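Enquirer: Top to bottom, those sequences are chains A and C.
Position 82 of the first sequence, counted from 1, bears residue number 83 in our numbering, the numbering being contiguous throughout.
Position 234 of the second sequence, counted from 1, bears residue number 235 in our numbering, the numbering being contiguous throughout.
All residues carry an ideal CB built from backbone N, CA and C; glycine is no exception.
Source: prediction; values computed, not measured.
I have a structure here, written as structure tokens, and I will follow up with some questions on it.
Number of protein chains: 2
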Amino acid sequence: MSLTDTASLHQRIRADIEARILGGDWPPGHRLPVEAELMTQYGCSRMTVNKAVSALADAGLIVRRRRAGSFVARPRIHSAVLDIPDIQSEITARGEAYAFRLLSVRRRAPARGDADEAELAGGGALLALRGAHLASGRPFALEERLISLRAAPAAAEADFALVSPGAWLLEHVAWTEAENRISAINADGPVAEALALDPGAACLVVRRRTWRAGERITNVRLVFPGEAYELVARFGPGQA
Amino acid sequence: MSLTDTASLHQRIRADIEARILGGDWPPGHRLPVEAELMTQYGCSRMTVNKAVSALADAGLIVRRRRAGSFVARPRIHSAVLDIPDIQSEITARGEAYAFRLLSVRRRAPARGDADEAELAGGGALLALRGAHLASGRPFALEERLISLRAAPAAAEADFALVSPGAWLLEHVAWTEAENRISAINADGPVAEALALDPGAACLVVRRRTWRAGERITNVRLVFPGEAYELVARFGPGQA
DNA sequence: GCATCCATTATGTATATACATATTGCCAGC
DNA sequence: GCTGGCAATATGTATATACATAATGGATGC
């Protein structure tokens, strides 16, 4: 514990509560102890508890309501920041019909010599998926995904012919951190064919890695037609 | 003023200081009054002032240092969210020499019929720039930029042969909101030549619009070699 | 001139207290 | 059973106070 020794009391209280929320002990909607109780639990004044809990409210982790109490916030579907682009809602927002076509699913071990896959698997197995997102029947994006079955064991039972892996994960696994790497490639034969593009056409590639409290959840690689698709992100200065 | 009537005292103090910073009265690096002085200015206790100023520090707008005082934060080079990519520091981080070559500067009115340019200009004139970012002498990215001279009049005097427009703006103009639109294109003749690529090579295009408290500041379009460059963004779920 | 020490200063944390305010849930009255 | 109103409750805000801590800048000593 790095915070537990040096940090100030209200910071430790905050970290403690945060850990319970992120760890899943306190699920969304859970009511947390009232300030008076936390105050006896931590043996401090209400002002100190208030500072810790208000900070969590500012950070959006909990919601506070007078007289009612404080509750773990329900996670937003959409991040306002740089979304985990929700392809389905983007397509339906354009008035087109959305479908996901699953091309293959396979349970396998991490590839030998691939350190990133080994870290993702965390000693367990991986679920490897390939599929296509369709807008009005036409291919809109290709998806290659790896899911850590250690982090999301329920994924083994999910039917990804019915729900796209991205939508399923958003629903079933909380995430705390993500990283996008965006680049551009020229479509090679198979990709061009799958996306109905001329060979060599510019494509946008998004590779995303997702964490939950330090634990790897999933890797995904999405390929979009470059000129037809735009990735949009709105954001403010934010923190370090 | 929507905040000035109903809001609590510390919120009004916070909003007041925030307005001075965003309005430019207190530029980056400016030292703000010590808590004792704010306390007499607003006629309240230090705890109240502290709450307001600490909140601004949490939000990253100011930096506080014991004994030294509180200072308006210099905008971070790197946003943790989806950066305003700072091309220069990215290049030097790779151990290569950075240079910006200014190709053209022109002061002009917004193009007739272009609603976005008209909004950017806000009734004033625009500064239109073209240039190239060089890594070890080789072209790394092309930049086309429009700056609203109404929002940043000092830009008219800046020498963009010495400082790249992006770096100059980060230093001199605070921003509160930005939007990136990312797509991919095939390099046409001039772009391919400028970036030393084969014609048709995939390129990453970032178009960014930047605001300060609702006012448009600048538009920029950056073109990168698609396979050699990766845009990286790390982020969390964030707020609504 | 230079390094070291120390008082001063400004922020950081914590407490006890007081009153304000939004809401819930109960209770009275019909 | 339904409704209106009231009391209890949990958070929200503000104050006065106290001591901790980091760091500056000047004074001191050589």
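(1) Could you check how far apart the C-beta atoms of Val207 of chain C and Asn187 of chain C are, in whole angstroms? I think they sit under 8 Å.
(2) Excluding sequence positions up to five away, which residues of its chain have a Cβ less than 8 Å from the Cβ of Gly190 of chain A?
(3) For His11 of chain A, count neighbouring Cβ atoms within 10 angstroms of its own Cβ and tell me buried if that reaches 16, exposed if not.
(4) Are the CB atoms of Ala179 of chain A and Arg209 of chain A nearer to each other than 9 Å?
(5) By the 10 Å Cβ neighbour count, where 16 or more other Cβ atoms means buried, how is Ser165 of chain C classified, buried or exposed?
(6) If contact means a Cβ-Cβ distance below 7 Å, which residues of the region 44-56 of chain C contact chain A?
(7) May I have a chain-ordered list of the beta strand (DSSP E) segments no shorter than 3 residues that lie completely inside the region 93-173 of chain A?
(8) Tell me the rounded alpha-carbon separation between Pro226 of chain C and Glu231 of chain A.
(9) Using C-beta distances below 6 Å, list every residue in its chain close to Leu33 of chain A, excluding the 5 sequence neighbours before and after it, in chain order.
(10) Would you list, in chain order, the members of the region 209-230 of chain C that have their beta-carbon closer than 7 Å to a beta-carbon of chain A?
(11) By the three-class DSSP mapping on this structure, what secondary structure does Gly227 of chain A have?
(12) I need the DSSP call for Val221 of chain C, collapsed to helix, strand or coil.
(13) Measure the C-alpha to C-alpha separation of Ile88 of chain A and Gly167 of chain A and round it to an integer number of angstroms.
(14) With 9 Å as the C-beta to C-beta threshold (strictly closer), list the residues of the region 155-185 of chain C near chain A in chain order.
(15) Against Leu121 of chain A, what residues of chain C qualify as contacts under a CB-to-CB distance less than 9 Å, listed in chain order?
(16) Comparing the C-beta of Leu205 of chain C with each C-beta of chain A, is any distance below 9 Å?
(17) Let me see if you follow: with CB-CB separation under 9 Å, is Gly1 of chain A close to chain C or not?
(18) Assign His31 of chain A to one of two classes, buried (16 or more other C-beta atoms within 10 Å of its C-beta) or exposed (fewer than that).
(19) Quick one: grab the DSSP three-state call for Ser46 of chain C.
(20) Does Ser149 of chain A pass the burial test, meaning 16 or more other C-beta atoms within 10 Å, or should it be called exposed?
(21) Between the region 146-163 of chain C and the region 116-130 of chain C, are three or more C-beta pairs nearer than 8 Å?
(22) For Arg21 of chain C, which option in C:Ala37, C:Leu62 and C:Gly44 has the closest C-alpha, if you only look at C-alpha atoms?
(23) Which full runs of the alpha helix (DSSP H) of 4+ residues lie inside the region 4-77 of chain A, going along the chain?
(24) What separation, rounded to the nearest whole angstrom, lies between the Cα atoms of Val54 of chain A and Ala16 of chain C?
(25) What residues in its chain sit with their C-beta under 6 Å from that of Glu144 of chain A, if we drop five residues either side in the sequence?
(26) What are the boundary residues of the beta strand (DSSP E) that includes Leu185 of chain A?
(27) Taking the alpha carbon of Leu205 of chain A as the reference point, which residue from A:Gln42, A:Arg68 and A:Ala142 has its own alpha carbon closest?
(28) Assuming contact is defined by CB atoms lying nearer than 9 Å, are Ile92 of chain C and Leu170 of chain C in contact in what I supplied?
(29) Between Gln240 of chain C and Ala60 of chain A, what straight-line distance do the alpha-carbon atoms span, to the nearest angstrom?
(30) Using a C-beta cutoff of 9 Å, does Glu19 of chain C count as contacting chain A?
(31) Return no unless some Cβ of chain A is closer than 9 Å to the Cβ of Val233 of chain C.
(32) Return the CA-CA distance between Leu23 of chain A and Ala58 of chain C, expressed in angstroms with no decimal places.
(33) Confirm, please, whether the CB-CB distance from Val73 of chain A to Pro29 of chain A is below 9 Å.
Expert: Reading off the structure:
(1) About 16 Å separates the CB atoms of Val207 of chain C and Asn187 of chain C; that is not less than 8 Å, and the two are not in contact.
(2) Answer for Gly190 of chain A: Pro200, listed in chain order.
(3) His11 of chain A comes out buried.
(4) Taking 9 Å as the cut-off, the Cβ atoms of Ala179 of chain A and Arg209 of chain A count as close.
(5) By the neighbour-count rule (16 or more Cβ atoms within 10 Å), Ser165 of chain C is buried.
(6) Those residues of the region 44-56 of chain C that come within reach of chain A (Cβ to Cβ, closer than 7 Å) do not exist; the list is empty.
(7) Entirely contained in the region 93-173 of chain A, the beta strand (DSSP E) runs reaching 3 residues are, in chain order, 99-109, 127-136 and 139-149.
(8) Going by the C-alpha atoms only, they are around 17 Å apart.
(9) These residues qualify, in order along the chain: Ser71.
(10) Correct list: Gly227, Glu228 and Tyr230.
(11) Residue state, collapsed to three classes: coil.
(12) Val221 of chain C falls in the strand class under three-state DSSP.
(13) Spanning the alpha carbons of Ile88 of chain A and Gly167 of chain A requires a straight line of approximately 9 Å.
(14) The region 155-185 of chain C vs chain A, Cβ under 9 Å: Ala175, Trp176, Thr177, Glu178, Ala179, Glu180, Asn181, Arg182, Ile183, Ser184 and Ala185.
(15) At a C-beta separation below 9 Å, Leu121 of chain A has no neighbours in chain C, since its nearest C-beta there lies roughly 16 Å away.
(16) Chain A, which has a Cβ nearer than 9 Å to the Cβ of Leu205 of chain C, makes this yes.
(17) The structure shown does not extend to residue 1 of chain A, since chain A is modelled only from 2 through 241, so no value can be given for it.
(18) Of the residues assessed, His31 of chain A falls on the exposed side of the cut-off, its CB having fewer than 16 other CB atoms within 10 angstroms.
(19) Residue state, collapsed to three classes: coil.
(20) With 16 or more neighbouring CB atoms inside 10 Å of its own CB, Ser149 of chain A falls in the buried class.
(21) In the pairwise beta carbon analysis, the region 146-163 of chain C is classified as touching the region 116-130 of chain C: at least three pairs are separated by under 8 Å.
(22) Of C:Ala37, C:Leu62 and C:Gly44, the smallest CA-CA separation from Arg21 of chain C is found for C:Leu62.
(23) Taken in chain order, the unbroken stretches of alpha helix (DSSP H) that lie wholly in the region 4-77 of chain A and span 4 residues or more are 4-7, 10-23, 36-43 and 47-59.
(24) Val54 of chain A and Ala16 of chain C have their alpha carbons spaced roughly 22 Å apart.
(25) The beta carbon of Glu144 of chain A sits closer than 6 Å to those of Gly132 and Leu223, all from its chain and outside the five residues before and after it, given in chain order.
(26) The displayed chain sequence assigns Ala, not Leu, to residue 185 of chain A. Counting along the chain, the unbroken beta strand (DSSP E) around Ala185 of chain A starts and ends at Glu178 to Asn187.
(27) Closest option to Leu205 of chain A, Cα to Cα, is A:Ala142.
(28) Not a contact, by the Cβ cut-off of 9 Å.
(29) Residue placement at Gln240 of chain C is poorly supported in this model, since its pLDDT is 42, which falls under 50; the coordinates still yield a value, given next. When only Cα atoms are considered, Gln240 of chain C and Ala60 of chain A end up about 8 Å apart.
(30) Chain A contact via Cβ: absent.
(31) Chain A has a Cβ within less than 9 Å of the Cβ of Val233 of chain C.
(32) One Cα belongs to Leu23 of chain A, the other to Ala58 of chain C, and the distance between them is close to 25 Å.
(33) Taking a C-beta distance under 9 Å as the contact criterion, Pro29 of chain A and Val73 of chain A qualify as a contact pair.
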